[in-house]
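What follows is a single structure, written as structure tokens, with notes after it.
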Amino acid sequence: MKSSMCRRTLMAAGCFIASILAAAPTVTVPAGIDPQPWDALLTKYVDERGLVAYEKWKNDPAELAALDAFIAQYAATPARPAQGAEEIAALINAYNAFTIRWILRHYPAESVRALDASFSGARWNVGGRTVSLDDIEHRNLRPVYGWKGAKTSGFTFYLLQPTKQPVGV
2 MKSSMCRRTL MAAGCFIASI LAAAPTVTVP AGIDPQPWDA LLTKYVDERG LVAYEKWKND
62 PAELAALDAF IAQYAATPAR PAQGAEEIAA LINAYNAFTI RWILRHYPAE SVRALDASFS
122 GARWNVGGRT VSLDDIEHRN LRPVYGWKGA KTSGFTFYLL QPTKQPVGV
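Count along the sequence shown from 1, then add 1; that gives the number in my numbering.
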């Protein structure tokens, strides 16, 4: 009797957790996002070792506005969603741009992990939905594309080759 009740409780808990996970938003990226502004910002503020000049970037209002304009491209509900390599590249660019914007908003910070809900907080508008960095990584890039990024100091980094094909570093 007790084991039957325990099984039912565990099954109910499992169903509840599964329903919560199923309700987590997937991301639909609009097609045609222009990566050139993002590339120009990375060229200006990221050195050959991959280190970001956060202080310099944060102190340049025009460049913060350029980053915000790039990020704003993701907000619209897509009439035509990105697919394949375009979708992967757009999701990786969004993930990295959102992460850098979050750090810039709170710079100087000891660590991105020290900031409140850096990865789990749903604060980014993509395709008409508010999502978290975890949603992008764990609901789209990993399960849909089997994507693996290199973990370095708490960040996931990805590179794009000139063909726009993502390559994990």
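Each residue gets a CB set at the ideal place from its N, CA and C atoms; glycine is no exception. Bear in mind that the values here come from a model prediction, so they are computed numbers and not experimental data.
Residues of its chain near residue i, where Cβ-Cβ distance is below 6 Å and the 5 sequence neighbours each way are ignored
i   : result
Q84 : none
R1  : The displayed coordinates of the chain run from 2 to 170. Any statement about residue 1 would go beyond what the structure contains.
Assigned exposure category for residue i - 16 Cβ within 10 Å defines buried
i    : result
N60  : exposed
V145 : exposed
S154 : Summary for S154: the model assigns pLDDT 38, below 50, so the residue's position carries little reliability; its value from the coordinates is reported in the next sentence. The residue is exposed, with fewer than 16 neighbouring Cβ atoms inside 10 Å.
G51  : exposed
A73  : exposed
E88  : buried
D136 : buried
The alpha helix (DSSP H) enclosing residue i, as first and last residue numbers
i    : result
T44  : 37-46
V145 : 143-146
T131 : No alpha helix (DSSP H) holds T131; the beta strand (DSSP E) holding it covers 130-132.
N97  : 85-107
F120 : Neither: F120 is in no alpha helix (DSSP H) and is coded neither H nor E.
P62  : 62-73
E56  : 55-59
Nearest to residue i (by Cα), restricted to the options the options
i    : options               : result
F99  : S121, K57, D48        : S121
A118 : E49, I104, L68        : I104
A67  : S133, A41, A123       : A41
L134 : E111, P109, E87, I101 : I101
A123 : P109, Y96, E88        : Y96
E138 : V127, R114, I93, S112 : I93
V28  : E49, R114, V132       : V132
P79  : Q37, A70, N126, P36   : N126
Cβ neighbours of residue i in the same chain (closer than 7 Å, five flanking residues each side left out)
i    : result
H107 : L116
Sequence-distant residues of its chain with Cβ nearer than 8 Å to residue i (five each side left out)
i   : result
A23 : Because the pLDDT at A23 is just 46, under 50, the model does not fix this residue reliably, and the point stays unresolved.
V47 : V53, A54
Whole-number beta carbon distance between residue j and residue i, since they are thought to touch under 8 Å
i    : j   : result
G129 : A77 : 7 Å
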